[in-house]
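Below is one structure, written out as structure tokens, with a few remarks after it.
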Amino acid sequence: MRFIKISEHPAKDASVQSDALEMLLGCHVRIRHFMQLGRTLAHAEFAPSGEIAETAEAISCYFSKALPLHEADENETLFPRLQAAVAEGNLVREAAETMVEQHKAIDELVADLLSLCDSLSQHPEALPSLARRIEDVTFALDKIFDAHLKLEETVIFPAILEVLTSEQLEEMSDEMRERRHPTGNKIHLVN
Ligand SMILES: [Fe+2]
Ligand SMILES: [Fe+2]
């Protein structure tokens, strides 16, 4: 396994490259933040009900709306381009295939976390009886995210800069933006 610092890579077109990578890495910062919030929630039984409900709702909102967009960025925008650029059996190709598989396992655990957070946002007083389950699911998610984010940050993301062109990186950032703000939804007042 190679460990390459993204910042040490010579940029062919710094603005385009940092754009696509920064978007992906920005999502990782938010994943880590909301995982931390999940761990905190599991031990927040003495917090005011309003704060428990608000935190549970924020966690649920992030993992139900934003995480699927990030996974789609990696499965639908990044993976096909890496698959086309890197030969079968190559370390990066194998890592990318593992990444897609790991998303499925992550989604199963996230579904459990969402159901717990949705219950808590409606009934924050139930925290003492749900705390153990929240702790268990955040522990399992932490473990898989730890390995998953490391794989992406140390093997897959650095390879993006090596094997994809500036044009492909630009396409990627366009696709990721479109996924979040579809232009088809805009109202055109002028023909
Ligand atoms: Fe991922
Ligand atoms: Fe990721």
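Numbered per our numbering, the sequence shown finishes at 213, counting up by one with no gaps. Just so you know, even glycine gets a beta-carbon here, dropped at the ideal spot from N, CA and C. These numbers were taken from a predicted model, which means no experiment stands behind them.
- Query: Is the CB-CB distance between LEU136 and ALA66 below 8 Å?
  - Reply: no
- Query: Which residues in the same chain have their Cβ closer than 8 Å to the Cβ of LYS165, if we skip the five residues on either side of it in sequence?
  - Reply: none
- What is the rounded straight-line gap between the Cα of ASP168 and the Cα of GLU123? 15 Å
- Going by CA-CA distance only, name the one from LEU186, THR176, ASP134 and LEU113 that's closest to ALA162. Among LEU186, THR176, ASP134 and LEU113, the Cα nearest to that of ALA162 is on ASP134.
- Task: Would you mind stating whether PRO89 and THR77 have Cβ atoms separated by less than 8 Å?
- Result: One point to set straight first is that residue 89 is Leu, not Pro, in the sequence displayed. In this structure, THR77 does not lie closer than 8 Å to LEU89 by Cβ.
- Task: Leaving aside the five residues before and after HIS50 along the sequence, list all residues of the same chain whose C-beta is less than 6 Å from its C-beta, in chain order.
- Result: LEU171
- Straight-line gap, CYS139 to ARG52 (C-alpha atoms, nearest Å): 17 Å
- Item | Per-residue DSSP class, three states only, for THR187 | Coil.
- Query: Closer than 7 Å from C-beta to any heavy atom of ligand 1: which residues, in chain order?
  - Reply: HIS92, GLU93, GLU96, MET121, GLN124, HIS125, HIS170 and GLU174
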